[in-house]
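Since the structure comes first, as structure tokens, the remarks are kept for the end.
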């Protein structure tokens with residue numbers, strides 16, 4: 009959503025648990041999942 013703010017307000021963009029294309033394979037995803045290092049979009 010869009011929230012009204014003021015010029016001195018901090019702004020934060022969070023992007024967690026993204027796989028970049030070189031490692032975005034099912035094999036690598038499943039390996040991370042087996043190690044408990046993957047989450048499914050929930051924060």
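Residue numbers (the working numbering): 9 to 51. No residue lacks a Cβ here, since even glycine has one placed at the ideal position from N, Cα and C. Being a predicted model, the structure only gives us computed values, none of them experimental.
Residue i in three-state terms, based on DSSP
i          : result
residue 11 : coil
residue 2  : The question about residue 2 has no answer, for the chain in this structure spans 9 to 51.
residue 29 : helix
Anticipated Cβ contact below 8 Å, residue i with residue j, distance rounded
i          : j          : result
residue 27 : residue 37 : 7 Å
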